[in-house]
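S.K.: For the sequence shown, our numbering gives the first residue as 107, with consecutive numbering after it.
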Amino acid sequence: MSSLISKAALAAVVAALASSAVDAAAQYKNVVYFMEWSIYGRGFHIFNMDWERITHINYAFGKPNADGTVGLYDGWSAVQKRYADRGDSWNDKGNNVYGQFGQGNKLKKQFRNTKFGLSIGGWTLSDKFSGIASTDQGRRTFAKSAVKLMLDLGLDFIDLDWEYPVEGGNDSPAVPHRPDDMTNFVALLQAIRDEYKTVPFKAELSVASPAGPANYRHWDFPAVCGLLDHVNIMTYDLAGSWSTYTDHSANLYEDPNHPAGLKYSAHGAIQDYIKGGCPSEKIVMGIPAYGRSFEGTTGLYGNFTKPTAGSWVSGNDGKGVWDYKSLPLAGATEYYDDKLGAAYSYDPSRKMFTSYESPQSLAAKLDYIKKYNLGGAMFWSGDADAKAGSARSLITQVYNYFGKDNMAFYENNIDYPTSIYDNIKNKSSPNPRP
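Okay, structure coming up:
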């Protein structure tokens, strides 16, 4: 009996060690985009991000210029705005960076395991990518400019959001695109990697990538993923005001009985990436911190009228889009479809169906991330989540699910001797005030 107990105990120890080894190797990312313009109507600033629980903060967006250089879009928000209550002053000596990047660098010194980087492009700023990437000179200029900007601003990585190579994206006006965009995209990524050889720390490189088959069908997954640290798949906006029927916008699984025969789902996109040659551990699943509503409808797959309201409406922009933290809206009941891995709410009096992420649907996605050995979760965007640390916070839920020890928390860089900004070069600049 003692021998049997000993063997059983030994087996338990071995199993525990094996489990621990698996957990130690599973480093999950919690990537969150910060919108540059959120400081205005939303009143959400870089210091409002949950630095304690986020592994990567992606600043949206840097602007590609026609000559291949990369610049800032809103200089006031990015580098000029003073926060007097957080240590900024108009009387400071030297050439200093302020705004979101100034505060972000102070926070990097406080939260040494959170990386801060620049995302370049986006839906409205992708029109120059195709031209830049089409020539060797354009690619080299872009790489040198982007890396210099990264070092000047005291950042840890570059994230490219080209929407979309080969297919184009924004149609107002249409984003220029070429049949050889994918070949050129790979060459552009390689140019950045080559320029990284001049960087004295391990700078990361990532992209935001499409979840629609029409937009990723041309992707060279082995080549692209081979040059990246991770890929943020935008597994949301699968439906919206442009759809034929009321539908889910971020469902995990497809509905085999979909009336329009649509096959859009997070699972479908992710598995296509993996089958195409992208390592699963580099794939980060996109999670929307917002919902899309359909008005004048009886429910899922029903007809609907164009949305008239949203959290942040300006003209026609923002209609039908709601911050997650405001959902479900008053009068609506929240539901969860466990077969599709999709959450939604419905208000019968307003006849409004709203598709969004909920703690239940996110739980299913986190199980999925673990099951398929994915790289983690990505959110658009930090301002729309519920209060950090609260039971409804999706960003907090990711952190709690995987646990701090299983998160991809690696030390950020705070040494930038070549920065044009004095307060970035000065590693001993003060931490932000609480």
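The beta-carbon is built from N, C-alpha and C at its ideal position, and this holds for glycine as well.
Got a sec, what are the start and stop residues for the alpha helix (DSSP H) H373 sits in?
M.R.: Run containing H373: A372 to G382, per the alpha helix (DSSP H) assignment.
S.K.: Over what stretch of residues does the alpha helix (DSSP H) that includes V330 continue unbroken?
M.R.: Element bounds for V330: F327 to G332.
S.K.: Can you look up N202 in the DSSP assignment and give me helix, strand or coil?
M.R.: Coil.
S.K.: How about V390 and K135: do their beta carbons lie closer than 8 Å?
M.R.: Cβ distance < 8 Å, so V390 and K135 count as in contact.
S.K.: Under 6 Å Cβ to Cβ from K369, same chain only, skipping five residues before and after it: list those, please.
M.R.: Cβ within range, chain order: E360.
S.K.: Entirely within the segment 287 to 336 and at least 4 residues each: give me those alpha helix (DSSP H) ranges in chain order.
M.R.: List check, alpha helix (DSSP H) in window: 287 to 302, 319 to 322 and 327 to 332.
S.K.: Alpha carbon to alpha carbon, how far is A448 from A375?
M.R.: Their backbone Cα atoms lie some 16 Å apart in a straight line.
S.K.: Taking only three categories from DSSP, how would you classify V272?
M.R.: In this structure, V272 counts as coil in the three-state DSSP scheme.
S.K.: Tell me whether E401 sits in a helix, a strand or coil according to DSSP, three-state version.
M.R.: It is a strand residue.
S.K.: What is the DSSP secondary structure of N136, counted as helix, strand or coil?
M.R.: Strand.
S.K.: What first and last residue would you give for the beta strand (DSSP E) that runs through M391?
M.R.: That run of the beta strand (DSSP E) goes I389 to P394.
S.K.: Express the C-alpha separation of Q503 and W486 in angstroms, rounding to a whole number.
M.R.: For W486 and Q503, the distance between alpha carbons rounds to 15 Å.
S.K.: By the three-class DSSP mapping on this structure, what secondary structure does M256 have?
M.R.: Of the three classes helix, strand and coil, the one that applies to M256 here is helix, per DSSP.
S.K.: Taking the alpha helix (DSSP H) that T502 falls in, what are its first and last residues?
M.R.: First-last of the alpha helix (DSSP H) with T502: L500 to F508.
S.K.: Below 8 Å on the Cβ atoms is my contact criterion, and I expect I152 with F140 to pass it. Report the Cβ-Cβ distance as a whole number of Å.
M.R.: Yes, I152 and F140 are in contact; Cβ-Cβ is about 6 Å, under 8 Å.
S.K.: According to the Cβ coordinates, are S399 and T460 closer than 8 Å?
M.R.: Yes, they are a contact pair.
S.K.: If you run the structure through DSSP and keep just helix, strand and coil, what is F207?
M.R.: F207: helix per DSSP, three-state reduction.
S.K.: Would A356 and E463 be called neighbours here (beta carbons separated by less than 8 Å)?
M.R.: Contact: yes.
S.K.: In the DSSP assignment, the beta strand (DSSP E) including I226 goes from what residue to what residue?
M.R.: Residues K221 to G227.
S.K.: When the distance is taken between beta carbons, is L257 closer than 8 Å to Y522?
M.R.: A contact, by the Cβ cut-off of 8 Å.
S.K.: So, is S467 buried or exposed, given that buried needs 16 or more other C-beta atoms within 10 angstroms?
M.R.: Buried, by the Cβ-count rule.
S.K.: Answer with buried or exposed for K214, where buried requires no fewer than 16 other C-beta atoms within 10 angstroms of its C-beta.
M.R.: Counting Cβ neighbours within 10 Å, K214 comes out buried, since at least 16 surround it.
S.K.: List the residues that DSSP assigns as beta-bridge partners of V427.
M.R.: Paired residues: R398.
S.K.: Measure the beta-carbon distance from D491 to Y430 and round it to whole angstroms, keeping in mind my assumption that it falls under 8 Å.
M.R.: Right, the Cβ-Cβ distance comes to about 6 Å (below 8 Å), so this counts as a contact.
S.K.: Can you tell me the Cα-Cα spacing of A438 and D453, whole angstroms?
M.R.: The straight-line gap from Cα to Cα measures roughly 4 Å.
S.K.: Starting from the Cα of F307, find the closest Cα among N529, T524, R148 and G481 and give me that residue.
M.R.: The candidate whose alpha carbon is nearest that of F307 is T524.
S.K.: Counting pairs of Cβ atoms below 8 Å between the segment 159 to 174 and the segment 232 to 242, do you hit three or more?
M.R.: Flag = yes, the segment 159 to 174 and the segment 232 to 242 touch.
S.K.: Could you pull the start and end residues of the alpha helix (DSSP H) that A239 belongs to?
M.R.: Element bounds for A239: F235 to A239.
S.K.: Report the option in A395, Q296, L406 and G260 whose CA atom is closest to the CA atom of V137.
M.R.: Here the closest residue by C-alpha is A395.
S.K.: Would DSSP call I264 helix, strand or coil?
M.R.: In this structure, I264 counts as strand in the three-state DSSP scheme.
S.K.: Could you pull out every residue in the same chain whose Cβ sits closer than 8 Å to the Cβ of D335, ignoring the five residues on either side in sequence?
M.R.: Taken in chain order, the residues that qualify are F263, E310, L311, S312 and K388.
S.K.: Hey, quick one: how far does the beta strand (DSSP E) through P170 stretch, first residue to last?
M.R.: First-last of the beta strand (DSSP E) with P170: H162 to P170.
S.K.: Going by DSSP, what residue range makes up the alpha helix (DSSP H) through S467?
M.R.: Unbroken alpha helix (DSSP H) run through S467: P465 to K477.
S.K.: From the DSSP output, in three-state form, read off N363 for me.
M.R.: Reduced to three states, the DSSP call for N363 is coil.
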